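Peer 1: Counted the way the numbering used here counts, the sequence shown spans residues 32 to 308.
C-beta: ideal position from N, C-alpha, C; glycine also.
These numbers come from a predicted model, not from an experiment.
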Amino acid sequence: ISLVDETSGEKEDIEVTLLPAGHCPGSVMFLFEGENGTVLYTGDFRLAKGEAARMALLHSGTRVKDIQSVYLDTTFCDPKFYHIPSREECLNGILELVRSWTSLTRYHVVWLNCKAAYGYEYLFINLSEELGIKVHVNRLDMFRNMPEILYHITTDRHTQIHACRHPRDDDCFRWNRLPCGMTCQNGTPLHIISIKPSTMWFGERMKKTSVIVRTGESTYRACFSFHSSYSEIKDFLSYIRPVNVYPNVLPAGGTEDKVMEILKPLCRSYRRNAEPR
32 ISLVDETSGE
42 KEDIEVTLLP
52 AGHCPGSVMF
62 LFEGENGTVL
72 YTGDFRLAKG
82 EAARMALLHS
92 GTRVKDIQSV
102 YLDTTFCDPK
112 FYHIPSREEC
122 LNGILELVRS
132 WTSLTRYHVV
142 WLNCKAAYGY
152 EYLFINLSEE
162 LGIKVHVNRL
172 DMFRNMPEIL
182 YHITTDRHTQ
192 IHACRHPRDD
202 DCFRWNRLPC
212 GMTCQNGTPL
222 HIISIKPSTM
232 WFGERMKKTS
242 VIVRTGESTY
252 RACFSFHSSY
262 SEIKDFLSYI
272 RPVNVYPNVL
282 PAGGTEDKVM
292 EILKPLCRSY
302 RRNAEPR
């Protein structure tokens with residue numbers, strides 16, 4: 032694309048490359064290359080360790096491109112989120128729980144208490160494929176641009192896995208009612224458990240826990256993250272070695288100084304004995 036400097040009137044051609052960000056379907060990172068250098072903007076991202084090395088478009092030949100600046104997703108740039116289980120590990124934990132519950136009777140139902148509208152497609156597709164049960168959602172039209180998921184979701188409430196939503200979700204569940212209003216099937220009361228995918232909750236635990244934690248008689252938390260962990264962030268930066276890095280966001284309770292203290296040593300501009308600014 033061509034850009035014109037509003038001050039000088041000079042024109043510059045910029046090459047923009049879109050790279051997979053792994054945050055949710057369609058999410059991308061932007062790589063800008065021009066006469067004044069190369070900049071990478073990650074947006075929200077979740078890349079496993081070693082994934083950057085497999086991105087051909089981040090490389091020139093066999094070498095990583097010379098990146099001047101990275102604007103980085105630092106949501107979990109905090110040592111308490113040092114390790115977040117992979118999506119595969121999280122899926123396997125959820126799958127085991129859902130399978131064991133739904134196999135009891137057809138009246139045993141699971142509600143996936145998903146906070147966001149998008150991002151759980153990986154979970155829905157894999158649960159449906161493994162168990163042969165479609166996932167109930169409020170509307171199909173929000174997924175119309177993701178045809179690969181349409182076979183795995185349904186608006187039919189008579190299914191055993193639900194991801195339907197309601198403004199007062201938790202109140203519904205407290206009365207053994209799904210957000211879509213279902214409480215029984217053919218006159219038989221439903222037996223419902225809820226699984227809440229979370230990351231922050233797990234990061235705040237003082238001791239290590241498994242991927243699935245029971246939090247009540249019929250409630251569970253499942254570790255599931257859309258953002259890279261502390262160790263994944265460090266692995267990514269260590270590989271691309273930019274000159275500078277800038278956080279896009281501050282971790283909960285964090286400060287810019289603390290984040291930069293972690294990130295700066297991974298940049299080429301870092302000088303161990305430099306005077307503090």
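1) In terms of DSSP beta bridges, what is methionine 86 paired with?
2) Quick check on this structure: which residue in Asp75, Ile125, Val166 has the alpha carbon closest to the alpha carbon of leucine 281?
3) Can you tell which of Glu43, Gly218, Phe61, Asn157 has its C-alpha closest to the C-alpha of leucine 49?
4) For arginine 308, count neighbouring C-beta atoms within 10 Å of its own C-beta (all shown protein chains included) and say buried if the count is 16 or more, exposed if not.
5) Quick check on this structure: which residue in Pro110, Glu161, Tyr102 has the alpha carbon closest to the alpha carbon of glutamate 127?
6) Helix, strand or coil for arginine 137 per DSSP?
7) If I measure Cβ to Cβ from histidine 90 and keep anything under 8 Å in the same chain, skipping five residues before and after, which residues do I get?
8) Shortest alpha-carbon distance to threonine 186 belongs to which of Val166, Glu179, Ile180, Arg175?
9) For the beta strand (DSSP E) that contains methionine 60, what are its first and last residues?
10) Since serine 241 is in the alpha helix (DSSP H), which residue starts that stretch and which ends it?
11) I need the DSSP call for asparagine 217, collapsed to helix, strand or coil.
12) Give the single residue among Ser33, Ala79, Met177, Ile271 whose Cα lies nearest to the Cα of valine 70.
13) If I follow the unbroken beta strand (DSSP E) through asparagine 275, where does it start and stop?
14) Please list the terminal residues of the continuous beta strand (DSSP E) segment that includes glycine 68.
15) Per the DSSP calculation, tyrosine 225 is bridged to which residue(s)?
16) So leucine 122 packs on leucine 143, CB below 8 Å; how close in whole Å?
17) So, serine 256 versus isoleucine 115, is the Cβ gap smaller than 7 Å?
18) Just to confirm my understanding: we take glutamate 306, look at its own chain, exclude 5 residues before and 5 after, and list those with CB closer than 8 Å. What are they?
19) Since arginine 252 contacts lysine 227 with CB under 8 Å, what's their CB separation in whole angstroms?
20) Would you call leucine 294 buried or exposed, if buried means 16 or more other Cβ atoms sit within 10 Å of its Cβ?
21) How many angstroms separate the CA atom of aspartate 266 from the CA atom of glycine 81?
22) Straight-line CA distance for aspartate 36 to arginine 77?
23) Using CA atoms only, rank isn't needed, just tell me which of Arg188, Ser100, Trp232 is closest to asparagine 217.
24) Got a sec? Which residues, its chain only, sit under 6 Å from serine 33 by beta carbon, not counting five neighbours each side?
25) Suppose you measure from the CA of leucine 196 to the CA of glutamate 235; what does that come to, to the nearest Å?
26) Alpha carbon to alpha carbon, how far is aspartate 172 from cysteine 211?
27) For alanine 83, which option in Gly57, Pro110, Pro51, Tyr113 has the closest C-alpha, if you only look at C-alpha atoms?
28) Hey, glutamine 99 and histidine 139 are a contact pair by Cβ (cut 8 Å); roughly how many whole angstroms apart?
Peer 2: Once the coordinates are examined:
1) Within the sequence shown, numbered from 1, the residue matching residue 86 stands at position 55. Per DSSP, none; premise fails for methionine 86.
2) Numbered from 1 along the sequence shown, position 250 holds the residue referred to as residue 281. Ranking the options by Cα distance to leucine 281, first place goes to Asp75.
3) Within the sequence shown, numbered from 1, the residue matching residue 49 stands at position 18. When only C-alpha atoms are compared, the closest one is Phe61.
4) Here residue 308 is taken as the residue at index 277 of the sequence shown, counted from 1. Because arginine 308 carries a pLDDT of 44, less than 50, the predicted location of this residue cannot be relied on, and the following value inherits that uncertainty. It is exposed - the Cβ of arginine 308 has fewer than 16 other Cβ atoms within 10 Å.
5) Locating residue 127 in the sequence shown gives position 96, counting from the first residue. Closest option to glutamate 127, Cα to Cα, is Glu161.
6) The count along the sequence shown starts at 1 and reaches residue 137 at position 106. It is coil, neither helix nor strand.
7) If you number the sequence shown from 1, residue 90 lands on position 59. If we look at histidine 90 and ignore the five residues flanking it on each side, its Cβ neighbours are Lys96.
8) Walking along the sequence shown from the start, residue 186 turns up at place 155. Comparing Cα-Cα distances from threonine 186 to each of Val166, Glu179, Ile180, Arg175, the minimum goes to Val166.
9) Residue mapping note: residue 60 aligns to position 29 of the sequence shown, counting from 1. Unbroken beta strand (DSSP E) run through methionine 60: 59-65.
10) Mapped onto the sequence shown, residue 241 falls at position 210. Neither: serine 241 is in no alpha helix (DSSP H) and is coded neither H nor E.
11) Counting from 1 along the sequence shown, the entry for residue 217 is found at position 186. In this structure, asparagine 217 counts as coil in the three-state DSSP scheme.
12) In the sequence shown, the residue the question calls residue 70 occupies position 39. Comparing Cα-Cα distances from valine 70 to each of Ser33, Ala79, Met177, Ile271, the minimum goes to Ile271.
13) In the sequence shown, residue 275 corresponds to position 244, counting from 1. 275-278 is the span of the beta strand (DSSP E), which, as asked, contains asparagine 275.
14) Looking up residue 68 in the sequence shown gives position 37. Segment 68-72, the beta strand (DSSP E) holding glycine 68.
15) As a working mapping, residue 225 is identified with position 194 in the sequence shown. A small correction: the amino acid at residue 225 is serine; tyrosine does not occupy that position in the sequence shown. Serine 225 is bridged to Trp142, Thr250.
16) Here residue 122 corresponds to residue number 91 of the sequence shown, with the count starting at 1. Here residue 143 corresponds to residue number 112 of the sequence shown, with the count starting at 1. Actually they are not in contact, since the Cβ atoms of leucine 122 and leucine 143 sit about 12 Å apart, beyond 8 Å.
17) As a first step, residue 256 must be located in the sequence shown, where it is residue number 225. As a first step, residue 115 must be located in the sequence shown, where it is residue number 84. Against a cut-off of 7 Å, the Cβ pair of isoleucine 115 and serine 256 comes out as a contact.
18) As a working mapping, residue 306 is identified with position 275 in the sequence shown. Model confidence at glutamate 306 stands at a pLDDT of 48, short of 50, so the residue's coordinates are unreliable; what they give is reported in the following sentence. Contacts found: none.
19) For the purposes of this step, residue 252 is taken as the residue at position 221 of the sequence shown. For the purposes of this step, residue 227 is taken as the residue at position 196 of the sequence shown. Contact holds; Cβ gap of about 5 Å.
20) The sequence position of residue 294 within the sequence shown is 263, counting from 1. Result: buried.
21) In the sequence shown, residue 266 corresponds to position 235, counting from 1. In the sequence shown, residue 81 corresponds to position 50, counting from 1. Near 7 Å, if we compare the C-alpha coordinates of glycine 81 and aspartate 266.
22) Along the sequence shown, read from residue 1 onward, the residue named residue 36 stands at position 5. Along the sequence shown, read from residue 1 onward, the residue named residue 77 stands at position 46. Between aspartate 36 and arginine 77, the C-alpha separation is close to 34 Å.
23) Counting from 1 along the sequence shown, the entry for residue 217 is found at position 186. The shortest C-alpha separation from asparagine 217 is found at Arg188.
24) Locating residue 33 in the sequence shown gives position 2, counting from the first residue. Contacts found: Lys42, Asp44.
25) On the sequence shown, position 165 is the one that residue 196 refers to. On the sequence shown, position 204 is the one that residue 235 refers to. The amino acid occupying residue 196 in the given sequence is arginine; leucine does not appear at that position. If you take the alpha carbons of arginine 196 and glutamate 235, they lie about 26 Å apart.
26) Start at 1 with the first residue of the sequence shown, and residue 172 comes out as number 141. Start at 1 with the first residue of the sequence shown, and residue 211 comes out as number 180. Roughly 17 Å separates the two Cα atoms.
27) Working through the sequence shown from its first residue, we reach residue 83 at position 52. Checking every option, the nearest Cα to that of alanine 83 belongs to Pro51.
28) Along the sequence shown, read from residue 1 onward, the residue named residue 99 stands at position 68. Along the sequence shown, read from residue 1 onward, the residue named residue 139 stands at position 108. Actually they do not touch by this definition, with Cβ atoms about 55 Å apart.
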